[in-house]
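> Mapping of the sequence shown onto my numbering: position 58 corresponds to residue 58, and the numbering continues sequentially without gaps.
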Amino acid sequence: MIQETIVTTVNSTGDPHIAPMGIHVRGDKFVILPFRPCSTLNNILETKTAVINYCDDVRIFAGCLTGRREWPLKKAEKIECHYLEGALSHCELQIEHIEDDEVRPMIFCKALHTVNHRPFQGFNRAQFAVIEAAILISRLHMLPWAKVEAELEYLHIGLEKTAGENEKEAWRWLMAVVEDYKHEVIQA
Ligand SMILES: Cc1cc2nc3c(=O)[nH]c(=O)nc-3n(C[C@H](O)[C@H](O)[C@H](O)COP(=O)(O)O)c2cc1C
Numbered sequence: 001m002i003q004e005t006i007v008t009t010v011n012s013t014g015d016p017h018i019a020p021m022g023i024h025v026r027g028d029k030f031v032i033l034p035f036r037p038c039s040t041l042n043n044i045l046e047t048k049t050a051v052i053n054y055c056d057d058v059r060i061f062a063g064c065l066t067g068r069r070e071w072p073l074k075k076a077e078k079i080e081c082h083y084l085e086g087a088l089s090h091c092e093l094q095i096e097h098i099e100d101d102e103v104r105p106m107i108f109c110k111a112l113h114t115v116n117h118r119p120f121q122g123f124n125r126a127q128f129a130v131i132e133a134a135i136l137i138s139r140l141h142m143l144p145w146a147k148v149e150a151e152l153e154y155l156h157i158g159l160e161k162t163a164g165e166n167e168k169e170a171w172r173w174l175m176a177v178v179e180d181y182k183h184e185v186i187q188a
């Protein structure tokens with residue numbers, strides 16, 4: 001199974017970094033698959049630490065893709081890293097080994113310490129829509145424009161019917177990026 005999460009890391013001088021990552025789950029083991037080049041991979045190689053954050057505030061996913069990476073963090077309890085204050089739960093990882101690859105290395109980890117902060121509130125279609133739209137936007141340059149338009153149109157149905165303020169705000173941030181891309185690349 002793949003879980004869409006926010007991974008927090010630090011570099012060797014302790015600067016935190018947050019990024020959405022699809023984590024492959026295998027029992028109590030996890031595999032992080034960062035594409036090269038990326039800060040998450042560099043940080044993990046430098047400090048051998050990472051935290052998985054389980055979040056229902058989809059503004060954090062959309063924010064990371066639209067230049068809004070300043071989200072409140074707290075110090076992890078067992079490793080030198082941070083977790084998101086807004087996380088429902090977080091899992092501090094021990095990196096077990098790394099399978100290197102020119103495109104997408106595989107980082108094998110195990111859960112060292114897991115903390116629940118607040119209860120899961122149930123599934124929400126607008127949150128799903130924002131996550132899917134964020135993934136589309138992270139791949140805009142690789143996807144046919146007609147596919148992007150069709151998928152966003154479909155996702156907007158669930159968004160319209162079920163969104164709260166956070167989901168509406170996250171959607172607006174993502175759609176601003178889509179509009180810019182449309183004017184600068186598609187209509188240019
Ligand atoms: C839901 C979601 C899942 C993602 N999963 C991955 C992933 O597994 N690997 C990856 O390299 N990028 C993934 N991305 C894109 C990264 O978050 C984005 O490219 C980010 O900037 C990573 O680079 P960084 O570590 O330099 O910030 C995902 C984006 C979203 C919205």
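The beta-carbon is built from N, C-alpha and C at its ideal position, and this holds for glycine as well.
Per DSSP, what are the beta-bridge partners of Glu99 in this structure?
Met106
> Does the Cβ of Pro34 lie closer than 7 Å to at least one heavy atom of ligand 1?
yes
> Under the three-state reduction of DSSP, which class applies to Cys55: helix, strand or coil?
coil
> Indicate whether Ile191 and Phe30 have their beta-carbon atoms separated by less than 8 Å.
As displayed, the chain neither begins before 1 nor continues past 188, which places residue 191 out of reach and without an answer.
> Bridge partners of Tyr83, per DSSP?
Lys74
> Under 8 Å between the Cβ atoms of Leu174 and Val115?
no
> Using beta-carbon positions only, say whether Ala76 and Ala134 come within less than 8 Å of one another.
no
> Just checking His82 against ligand 2 - is the residue's beta carbon closer than 7 Å to any of the ligand's heavy atoms?
This structure lacks ligand 2; the ligands present are ligand 1.
> How many Å lie between Gln121 and Leu65 at the Cα?
C-alpha separation (whole angstroms): 24 Å.
> Is Thr49 near Ile79, with beta carbons less than 8 Å apart?
yes
> Closest by CA to Ile98, which one among Tyr154, Leu41, Asp28, Gln187?
Leu41
> Go to Arg26, then tell me how far its beta strand (DSSP E) extends in each direction, as first and last residue.
16 to 26
> Identify which residue in Ser12, Leu33, Ile44, Arg172 has its Cα closest to the Cα of Asp101.
Leu33
> For a quick check, are the C-beta atoms of Asp56 and Lys110 less than 8 Å apart?
no
> Please list the terminal residues of the continuous beta strand (DSSP E) segment that includes Gln127.
Taken as a continuous stretch (DSSP letters only), Gln127 belongs to no beta strand (DSSP E), being part of the alpha helix (DSSP H) at 125 to 138.
> For Asn43, which residues of its own chain have a beta-carbon under 7 Å away from its beta-carbon, when the five flanking residues on both sides are left out?
Thr9, Val10, Asn11, His17
> To which residues does DSSP link His113 through a beta bridge?
Glu92
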